[in-house]
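Okay, structure first, notes after.
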Amino acid sequence: MFWSTKSTLIKMFTFPQETNTALVRLNTSFHSFASSQGLFSLASPANQNEVLIFYDSSKKLLAPYLHNVEIGYGELDYVPNKWHSICTTWNSKTGLGQLWFNGLPMTKKFAGSTINGKPSIILGQEQDSYGSHFDAKQSFVGMMTDVHMWDHEITPCEIQKYAEELSFTPGNVINWAALDFKAEGNVFVESKQVGCNSVCLL
Numbered sequence: 001m002f003w004s005t006k007s008t009l010i011k012m013f014t015f016p017q018e019t020n021t022a023l024v025r026l027n028t029s030f031h032s033f034a035s036s037q038g039l040f041s042l043a044s045p046a047n048q049n050e051v052l053i054f055y056d057s058s059k060k061l062l063a064p065y066l067h068n069v070e071i072g073y074g075e076l077d078y079v080p081n082k083w084h085s086i087c088t089t090w091n092s093k094t095g096l097g098q099l100w101f102n103g104l105p106m107t108k109k110f111a112g113s114t115i116n117g118k119p120s121i122i123l124g125q126e127q128d129s130y131g132s133h134f135d136a137k138q139s140f141v142g143m144m145t146d147v148h149m150w151d152h153e154i155t156p157c158e159i160q161k162y163a164e165e166l167s168f169t170p171g172n173v174i175n176w177a178a179l180d181f182k183a184e185g186n187v188f189v190e191s192k193q194v195g196c197n198s199v200c201l202l
């Protein structure tokens, strides 16, 4: 299955099974950044895990990676068949990264500085190399909606507005309402379910 669009009314991607072929490639005009499920994977030519949001089921650990550095958080209520709001922030000046889970902030951790080169951004798979090499056992199974990305660190107030589905400033790198994407493999493009939360990326 193949679906591609620049202007879309889609509301949600559904990844119904473990596979190494189902993914959504996101296209942006942004070329560099100064600021056991692969939910979001941003690779650069130099680094496969520039920004990765990954759930390790064996460790029960929600693990954002920034510049190949794991800033993992355990003991979170990340359970299946429930919507979760996940937001990762990173400040290129301080090198500090932080996870927000269901609107609540976790401890800030050091993750390094800049991302260089044109990014390859993929939803639903973890890139083991730039733009390719996926493992079915690391694929996302579930529904995903409202993905945004900014070229700056957004405020805690904006993150909480997002998590509570209130009015917030859409991403200027990835904006769900104007998503330029290509779905590959067994990915369904469906209407968003009423009352759901979402996946937030920064």
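Using full-length UniProt numbering, read the sequence shown as starting at 1 and increasing by one per residue. C-beta atoms are modelled at their ideal positions from N, C-alpha and C, and glycine is treated no differently. Quick caveat, the model's predicted, so the values are computed rather than measured.
Outcome for E126 when other beta-carbon atoms lying within 10 angstroms are tallied against a minimum of 16: By the 16-neighbour rule on beta-carbons within 10 angstroms, E126 is buried.
E158, enclosing alpha helix (DSSP H) - first and last residue: P156 to A163
Span of the beta strand (DSSP E) around V130: Before going further, note that residue 130 is Tyr rather than Val in the sequence given. No beta strand (DSSP E) contains Y130, which DSSP labels as neither H nor E.
C-alpha gap between H84 and F54, whole angstroms: 14 Å
Nearest-angstrom beta carbon gap, L76 and W101 [assumed within contact, 8 Å]: One detail in the question is off: residue 101 reads as Phe in this sequence, not Trp. Yes, F101 and L76 are in contact; Cβ-Cβ is about 5 Å, under 8 Å.
Status (buried if at least 16 other CB within 10 Å, exposed otherwise) for V187: buried
Exposure of H133, with buried meaning 16 or more beta-carbon neighbours within 10 Å: exposed
Contact belief for F13 with M144 at Cβ below 8 Å, rounded distance in angstroms: 5 Å
Short Cβ contact (7 Å threshold) for I121 with L66: no
Which listed residue (G103, K118, S129 and Q48) has its alpha carbon closest to that of L166: G103
Close-in-space but distant-in-sequence residues of the same chain around A177 (CB under 7 Å, 5 per side omitted): P170
Close-in-space but distant-in-sequence residues of the same chain around E158 (CB under 6 Å, 5 per side omitted): In chain order, F168 place their CB closer than 6 Å to the CB of E158, counting only its own chain and leaving out the 5 sequence neighbours on each side.
Opening and closing residue of the beta strand (DSSP E) in which P64 lies: L61 to L66
DSSP three-state assignment for K118, whether helix, strand or coil: Correct three-state label for K118: coil.
Bounding residues of the beta strand (DSSP E) (the contiguous stretch that carries K182): F181 to E184
According to DSSP, residues forming a beta bridge with N47: S44
8 Å contact criterion, which A22 and E190 should meet: CB distance rounded: Actually they are not in contact, since the Cβ atoms of A22 and E190 sit about 14 Å apart, beyond 8 Å.
Assigned secondary structure, W176 (DSSP; H/G/I helix, E/B strand, else coil): helix
Option nearest V79 by Cα separation, candidates N91, S57, V69 and T89: S57
Nearest residue (CA-CA) to F181, options N27, P16 and T94: Put simply, of N27, P16 and T94 the residue whose alpha carbon is nearest the alpha carbon of F181 is N27.
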